[in-house]
Amino acid sequence: MFEAVLLTVITAATPLLIAAVGELVVERSGVLNLGVEGMMIMGAVIGFAVANQTGSGSLGVIAAIAAGMAMSALFGVLVLFLVANQVATGLALTILGIGLSGMIGEAFIGVPGLDLPQLYIPVLSEIPFFGPVFFQQDALVYVSFALVAFVAYGLFRTRVGLVLRAVGDNHGSAHALGYSVVKVRFLAILFGGACAGLAGAYLSLAYTPQWVENMTAGRGWIALALVVFASWLPLRVVIGAYLFGAVSVLNLHAQALEFDIPSQLLSSLPYIATIMVLVLISANRRLTLVNTPACLGKPFVPDR
Amino acid sequence: MKSLLKTTVAAVAFAALGSAAQAADLKACFVYVGPVGDFGWTYQHDQGRLAVEEKFGDKVETAYLESVAEGPDAERAIERFAREGCNIIFTTSFGYMNPTIKVAKKFPDVKFEHATGYKTADNVATYNSKFHQGRYIIGQIAAKQSKTGTAGYIASFPIPEVVSGINAFLLGAQSVNPDFKVKVVWVNTWFDPGKEADAAKALIDQGADIITQHTDSTAPLQVAQERGVHGFGQASDMINFAKDAQYTAIIDDWAPYYIHRVQEALDGNWNSHSSWEGLAEGHVVMAPYTNLPADVVEMAKATEAKIKDGWEPFTGPITKQDGTVAAEDGVRLDDGAILGMNWYVQGIDDKLPE
Amino acid sequence: MRIELVKRKEHSQTMALLSPVIAVALTALSAAILFSITGHNPFVGLYKFFIEPLTQQWSLEATIDKATPLILIGCGLAICYLSNNWNIGAEGQFVVGALFGCALPILYPDFENVATLPLMLLFGAIGGALWALIPALLKTRFNTNEILTSLMLVYVAGLLLDYLVRGPWRDPDGYNFPESRIFSDAATLPEVFGGAMSLSAPITIVVAVILAIVLAKTLKGFEIRVMGESPRAGSFAGFSAKRLTLFSFALAGALAGLAGTMEVSGALNQLLPSISPGYGFTAIIVAFLGRLNPIGIIIAGFVLALSYIGGEGVQSAMGVSNEIASVIQGLLLFFVLACDTLILYRIRFTSRRIADGEASHV
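Protein chains in written order, with this note's numbering: chain A, 318 to 621; chain B, 7 to 360; chain C, 2 to 363.
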């Protein structure tokens with residue numbers, strides 16, 4: 318029973334985790350991209366369309382990543398090269414993405430999707446309890462963990478990560494030191510787009526293998542919330558995504574177990590919980606100030 | 007620039023002429039609450055619209071507005087159609103009730119048809135289908151097929167239509183197995199594939215081996231397929247999404263009603279009414295019974311035939327959850343009691359959200 | 002050769018006027034292409050989308066009516082954004098405002114007199130302000146990020162509305178359907194002109210003009226602008242960032258709550274499980290399109306409302322799908338945002354050699 322619940326939590330948390338880790342890198346570079354929802358839904362529709370046309374789930378995933386990157390490139394050009402307002406551009410990206418995905422997806426409504434093969438790691442998956450939970454998942458679940466490890470290592474243990482954080486914390490000095498602020502940020506934005514596209518592919522290829530309009534249903538926004546919730550630390554994003562997944566899944570279990578609570582109250586618990594945890598974390602100034610990218614959302618144009 | 011302007015004017019004039027030249031005898035317009043591509047509620051209404059187009063050809067022109075939010079947008083969308091020369095306007099969501107009535111007052115010559123509501127006027131008719139008839143049948147199938155004796159029911163919102171659906175399902179199940187259990191989960195949405203899938207998983211994890219849903223996506227059935235349990239399609243035939251898992255589906259078929267009413271409007275004998283029909287009139291259709299042993303298919307078909315002959319699933323004895331009697335043996339509930347149902351029958355463990 | 006941006010010494014007045022025109026022209030061009038590739042007549046499409054809504058009194062009034070809540074909420078948000086307070090939860094403030102405002106006609110339906118409507122509007126503003134003060138207080142007290150908390154509270158507000166309309170506030174004569182009782186005339190915002198428009202439009206214009214004057218001419222306006230541009234300089238002038246955060250959130254919440262109450266009282270006449278087609282989020286875009294200036298916001302709100310009404314027009318007349326309208330909307334926003342760059346920056350074409358020497362970063 319507990320094992321089964323855990324499995325459900327993992328599927329609910331994975332798309333959030335992937336998208337949030339990507340956005341974390343973007344924000345660490347000092348850019349706030351509110352268009353996660355739009356990039357994610359484009360990833361979902363393109364991933365589904367390509368997988369459906371080619372019969373290959375992997376090609377679908379690659380196409381979804383490319384779609385997310387294309388959307389994020391549009392955002393990057395606007396906010397970096399044309400110095401447009403990041404909040405407004407991100408919102409516009411979401412509107413555009415929802416519209417475009419609906420147009421592209423028209424032909425794929427009512428078409429069943431491919432099931433991504435489950436990856437059973439031999440021997441390990443036979444271990445009772447731990448086996449099914451850790452070694453019997455969609456391939457993308459492993460990818461999500463690899464992604465977190467990659468980002469955590471890259472951000473804090475490599476030179477590239479150092480430069481990226483420097484750009485996010487003080488773009489003036491980073492520029493003075495000879496780093497290309499715009500280039501670093503553009504690459505970070507592309508990475509974020511790739512992750513959002515991948516998260517979308519997870520929805521339309523693994524979570525609920527089908528295409529329907531608006532199928533992201535607000536998950537892009539939750540991913541944004543998770544980044545702040547995690548105070549810009551990759552490992553905390555994992556905790557956040559799984560906590561959020563757990564609360565929303567347990568809500569459903571609590572109902573099936575006949576707990577007598579209004580379902581609206583249960584449904585609002587994840588949001589209230591996020592606010593509370595956020596307050597607890599941010600009340601401790603030391604924890605947040607250290608990690609908040611100081612230049613988040615501020616435009617940069619090199620003076621000459 | 008000048009020539010471009012000229013072309014524009016010419017094009018606009020041409021377009022205006024064009025539409026005037028092929029003027030149809032009647033314009034039928036549809037307001038949808040969701041996207042046409044939801045493969046559920048709105049999709050089925052649009053199938054009905056397409057059936058009207060196919061049936062009447064050039065005689066009837068149709069138009070639709072999709073994803074019209076309930077609220078001020080609805081009133082504007084309906085009024086737009088009334089002003090643009092629509093002769094009959096179908097508003098296909100419960101939340102459009104008061105906007106429909108409001109606009110209808112302003113346009114007494116336009117005919118309005120509101121789905122699932124209860125307010126009528128001289129030029130406003132209402133229509134709905136007896137979906138609970140289908141639910142009774144799938145309840146019987148569930149009880150026959152379930153090994154654990156428990157079904158999971160994913161419910162959207164506690165409105166009478168959903169509540170009567172749950173009751174009909176359990177009554178059907180109890181007619182086969184009096185101890186049958188149904189676990190209800192309220193997801194507070196009509197449409198969120200991810201959440202519906204999670205709810206299905208939660209129910210299966212708690213012992214349900216039959217899943218049914220009063221939400222619009224195919225996700226619960228897909229989960230059933232994946233987990234090797236069974237379920238039923240909702241609104242449209244979802245067999246393509248769950249080849250081994252779907253037993254049957256309760257299909258909303260609006261085409262007969264739309265064609266009938268458009269015909270009446272064309273003939274000039276359209277009248278306001280409240281239509282509430284079911285299996286017998288083809289407004290509710292059961293998808294082919296699949297993945298079932300022959301005796302269960304036979305039972306389902308027999309029940310279907312009995313309902314088509316006029317039998318009502320809400321016929322006593324029916325006991326409410328609190329133990330009071332809702333209907334004596336052999337007494338059938340009247341339409342008002344079913345349309346306004348806000349109580350559970352005995353045997354449901356869930357407490358109805360207040 | 003490469004292209005780079007050079008900051009202008011001051012805002013270009015010419016470009017400030019020209020950039021929206023260029024943006025609309027580019028949108029029209031893209032829309033024409035979009036209509037063509039989906040097999041529709043591009044000229045008819047453009048006419049239906051951008052021109053026709055302006056040619057009839059009814060659709061013009063409908064456009065204004067749609068623009069009203071966007072403008073009112075957008076004005077409040079502009080104050081927040083000018084002072085560096087990132088309130089993106091206006092949608093929730095709109096809903097809670099409506100709940101407070103509508104408590105009166107729902108709980109006391111017999112209270113019908115001249116005071117009903119003014120009291121409703123007052124309660125609505127108070128409700129919205131209280132809801133907005135939650136993220137503001139969390140920010141000033143615990144330094145909690147307001148973008149996130151205000152957004153989370155949107156979902157909570159929606160569920161609260163859902164609970165009330167399906168439970169305690171359900172219409173006792175409504176067959177258990179999820180809607181409140183219909184308000185009496187005393188609780189209904191009167192209609193003006195043709196009837197597609199309620200009193201909310203004139204009220205909104207008055208509020209926007211007052212805000213424009215406050216921002217431009219008063220000390221409070223000065224405080225908001227200074228604190229937004231340089232909080233350090235502001236604190237030397239004796240302004241308190243915390244007080245301003247509370248003030249701007251409360252104001253934005255009050256205006257959103259007012260908009261919510263007017264929408265429910267004027268257009269819906271009852272509470273429904275969903276009362277806003279995303280006004281609170283669209284208003285964020287309106288605020289930026291209007292360059293955080295109340296008068297600009299009036300224009301931006303009208304243009305955005307036009308894109309909705311025009312979108313419905315092409316949909317119903319030409320069978321164009323709803324998604325095309327939303328794509329055109331997205332493109333319009335992108336072009337406006339991109340063209341605004343020209344106000345602050347000049348585009349310079351330079352040869353590769355010189356640029357390399359300057360270690361350019363574009």
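Where a beta carbon is used, it is the ideal one built from N, C-alpha and C, also for glycine.
Rounded to whole angstroms, how far is the Cβ of residue i from the Cβ of residue j, which I believe are closer than 8 Å?
i: L293 of chain C; j: R9 of chain C; result: Actually they do not touch by this definition, with Cβ atoms about 19 Å apart.
i: L32 of chain B; j: I94 of chain B; result: 7 Å
i: Q94 of chain C; j: G254 of chain C; result: 4 Å
When the Cα atoms are used, what is the spatial distance from residue i to residue j?
i: M153 of chain C; j: A127 of chain B; result: 42 Å
i: A16 of chain B; j: V337 of chain C; result: Its pLDDT being 49, under 50, A16 of chain B is placed unreliably by the model, and nothing is read from it.
i: A405 of chain A; j: A611 of chain A; result: 20 Å
i: A202 of chain C; j: T69 of chain C; result: 6 Å
i: K111 of chain B; j: S266 of chain C; result: 19 Å
i: H279 of chain B; j: R338 of chain B; result: 23 Å
i: F617 of chain A; j: R233 of chain C; result: 20 Å
i: G514 of chain A; j: I23 of chain C; result: 32 Å
i: L366 of chain C; j: L35 of chain C; result: The structure shown has nothing for residue 366 of chain C, since chain C only spans 2 to 363.
i: I84 of chain B; j: E72 of chain B; result: 12 Å
i: D273 of chain B; j: F62 of chain B; result: 13 Å
i: A105 of chain B; j: K67 of chain C; result: Checking the displayed sequence, the identity of residue 105 of chain B turns out to be Pro instead of Ala. Cα to Cα, the separation comes out at about 16 Å.
i: V529 of chain A; j: G495 of chain A; result: 47 Å
i: G235 of chain C; j: W47 of chain B; result: 56 Å
i: P319 of chain B; j: N173 of chain B; result: 10 Å
i: V321 of chain A; j: Q146 of chain B; result: First, the residue type needs correcting, since residue 321 of chain A is Ala and not Val in the sequence shown. Near 28 Å, if we compare the C-alpha coordinates of Q146 of chain B and A321 of chain A.
i: K117 of chain B; j: I107 of chain B; result: 11 Å
i: K326 of chain B; j: A293 of chain B; result: 31 Å
i: G316 of chain B; j: V362 of chain A; result: 46 Å
i: G191 of chain C; j: S199 of chain C; result: At residue 191 of chain C the sequence reads Pro, which differs from the Gly that was named. Rounded to whole angstroms, P191 of chain C to S199 of chain C spans 6 Å at the Cα level.
i: I344 of chain B; j: T254 of chain B; result: 24 Å
i: G91 of chain B; j: A121 of chain B; result: 21 Å
i: T13 of chain B; j: M319 of chain C; result: Legend: pLDDT at T13 of chain B = 49, less than 50; position of this residue unreliable, no value from coordinates given.
i: A69 of chain B; j: G562 of chain A; result: 42 Å
i: V468 of chain A; j: P136 of chain C; result: 30 Å
Using C-beta distances below 8 Å, list every residue in its chain close to residue i, excluding the 5 sequence neighbours before and after it, in chain order.
i: A209 of chain C; result: I72, L73, C76, P295, I296, I298 and I299
i: H488 of chain A; result: G347, V498, C612, K615 and F617
i: V249 of chain B; result: What sits at residue 249 of chain B in the sequence shown is Lys, not Val. Taken in chain order, the residues that qualify are Q231.
Excluding the 5 residues flanking residue i on each side, which residues of the same chain have their C-beta closer than 7 Å to its C-beta?
i: M7 of chain B; result: Legend: pLDDT at M7 of chain B = 43, less than 50; position of this residue unreliable, no value from coordinates given.
i: W170 of chain C; result: I107, S181 and L272
i: L550 of chain A; result: N608
i: L18 of chain C; result: none
i: V458 of chain A; result: I327 and T331
Assuming residue i is part of the alpha helix (DSSP H), what are its boundary residues?
i: Y309 of chain C; result: P295 to M319
i: N134 of chain B; result: Element bounds for N134 of chain B: not the alpha helix (DSSP H) but the beta strand (DSSP E), V130 to S135.
i: T262 of chain C; result: A242 to E264
i: A473 of chain A; result: Note that residue 473 of chain A corresponds to Phe in the displayed sequence, not to Ala. That run of the alpha helix (DSSP H) goes A456 to R474.
i: W192 of chain B; result: Unbroken run through W192 of chain B is the beta strand (DSSP E), K187 to W192; no alpha helix (DSSP H).
i: F96 of chain B; result: Premise fails: F96 of chain B lies in the beta strand (DSSP E), I94 to T97, not in any alpha helix (DSSP H).
i: S201 of chain C; result: S201 to K218
i: W132 of chain C; result: T117 to F143
How is the beta strand (DSSP E) around residue i delimited, first residue to last?
i: Q252 of chain B; result: Q252 to D258
i: Y70 of chain B; result: V66 to L71
i: F361 of chain B; result: The structure shown has nothing for residue 361 of chain B, since chain B only spans 7 to 360.
Can you give me the Cβ contacts of residue i inside the same chain, cut-off strictly under 6 Å, excluding the 5 residues immediately before and after it?
i: F178 of chain C; result: none
i: V343 of chain A; result: N350, A505, I506 and G509
i: M347 of chain B; result: P166, V169 and S170
i: Q527 of chain A; result: G430
Segments assigned beta strand (DSSP E), at least 3 residues, entirely inside the stretch 26–55 of chain B
32–37
Let me know the beta strand (DSSP E) ranges lying completely inside the stretch 194–239 of chain B, each 3 residues or longer, listed in chain order.
216–219
At which residue ranges does the stretch 521–583 of chain A contain complete alpha helix (DSSP H) runs of 4 or more residues, listed in the order of the chain?
536–546 and 551–573
Quick check for students: name the residue ranges of the alpha helix (DSSP H) that lie wholly in the stretch 293–348 of chain B, counting only runs of 4 or more.
Qualifying alpha helix (DSSP H) stretches, in chain order: 300–314 and 341–345.
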